[in-house]
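To start, the structure itself, in structure tokens.
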Amino acid sequence: MREADRREGVWKFLTYTFILVMVVLTIVPLYWIVIASTLPEEAFLTAGTAPQLFPGGEFWANFSALQDRLNIGFLMFDELLGTDFGFLGAIANSVFIAVVYTLLSLVICSMAGFAFAKYEFRFKEPIFYTILATLVLPIQLLVIPLFLLMSQLGMTNTYWAIILPWAANPLGIFLMRQNMKSLPDALLESARMDGATEFQLYYRIALPTMKSSLAALSIILFLFQWNLFLFPLVILEGDKYTIPVAINQLVGAQRVYYDQIMVAATLSIIPIFLLFLFLQKQFVSGILAGSVKE
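Here the sequence shown is numbered in full-length UniProt numbering, starting from 1 and rising by one per residue.
Structural data, given as structure tokens:
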């Protein structure tokens with residue numbers, strides 16, 4: 001019995017040690033980005049100096065330089081107000097695009113997942129696996145066709161050019177299908193006998209039971225749109241850029257503005273951190289809810 005307890009203690013120690021190491025490896029880079037945003041530019045240009053572990057006093061100076069360097073507006077207000085917002089405009093663009101995209105994609109993915117999980121129709125399996133197959137397509141392969149399509153539709157340099165092409169997210173459809181399959185068919189049949197329409201089955205029965213899964217998927221979709229870089233770079237003009245594209249403008253052919261990049265990176269982390277902090281319990285339970293056998 002003592003030998004078994006000793007082995008269990010060793011495994012717990014190794015497990016906690018591994019978790020602690022992974023936490024440190026995750027937090028230290030984020031911590032240094034925040035610290036680096038408060039340092040003067042000279043701190044990045046002096047070779048051989050040890051990295052500073054405590055904040056400096058240059059954050060607002062770096063932020064002001066970042067604002068002055070970027071000429072970016074908020075698509076909804078820059079023409080009305082006749083001004084630009086600097087990097088704050090990029091943040092506003094990213095937040096608005098990511099929020100609208102997430103809400104729209106949640107509706108589309110949940111409806112598609114419900115259909116694939118609870119209805120039988122011709123070519124159901126081939127259609128579903130074709131949708132999954134699109135996950136392997138690199139975005140570089142899609143940029144030119146999507147740009148030509150958006151150009152023909154007159155949507156270049158608009159929010160919808162970034163939102164619509166990815167609204168039916170294949171990963172989101174897959175996750176919602178897996179979670180919808182756990183919904184008892186008897187519950188749906190009972191509702192049908194009570195006179196519920198098919199849309200009421202989806203809206204009043206399926207969706208309320210999928211709150212955790214929807215929260216988990218919302219974080220995944222938000223992160224996908226938040227980090228999208230190549231297509232916004234191609235389809236948007238310079239004064240309408242999102243955060244990833246705006247940060248890329250700080251990397252020049254002859255100079256890299258490290259201090260301003262660190263400020264921009266620090267500010268871009270905040271919305272993601274708040275979103276995950278708000279939905280962390282639902283995220284974990286929602287991810288585990290999809291691990292069911294068919």
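Where is the CB? At the ideal position from N, CA and C, for every residue including glycine.
Item                                                                                                                       : Value
Sufficient close CB pairs (3 or more, under 8 Å) joining the stretch 207 to 214 to the stretch 223 to 243                  : no
Chain-order list of residues whose beta-carbon lies under 6 Å from that of Y257 (same chain, five-residue window excluded) : L250
Continuous alpha helix (DSSP H) assignments of at least 4 residues falling wholly in the stretch 74 to 126                 : 78 to 81 and 87 to 118
Opening and closing residue of the alpha helix (DSSP H) in which V256 lies                                                 : That residue, V256, is in no alpha helix (DSSP H); it is neither H nor E in DSSP.
Option in L141, K281, E125 and G57 with minimal Cα separation from I219                                                    : K281
Closest Cα partner of I262 within the set F222, P40, T197 and I108                                                         : The question names Ile, but residue 262 in the sequence shown is Met. Minimum Cα distance to M262 is reached at P40.
Residues near V292 in its chain [Cβ-Cβ closer than 6 Å; skip 5 each side]                                                  : Unreliable placement is indicated for V292, whose pLDDT of 47 sits below 50; no coordinate value is reported for it.
Status (buried if at least 16 other CB within 10 Å, exposed otherwise) for I19                                             : exposed
Per DSSP, cross-strand counterpart(s) of V251                                                                              : V256
Rounded distance between the beta-carbons of I247 and S94, thought under 8 Å                                               : Between I247 and S94 the Cβ distance is about 11 Å, and since that is not below 8 Å, they are no contact.
Alpha-carbon to alpha-carbon, F276 and G9                                                                                  : 32 Å
Under the three-state DSSP convention, the category N179 falls into                                                        : helix
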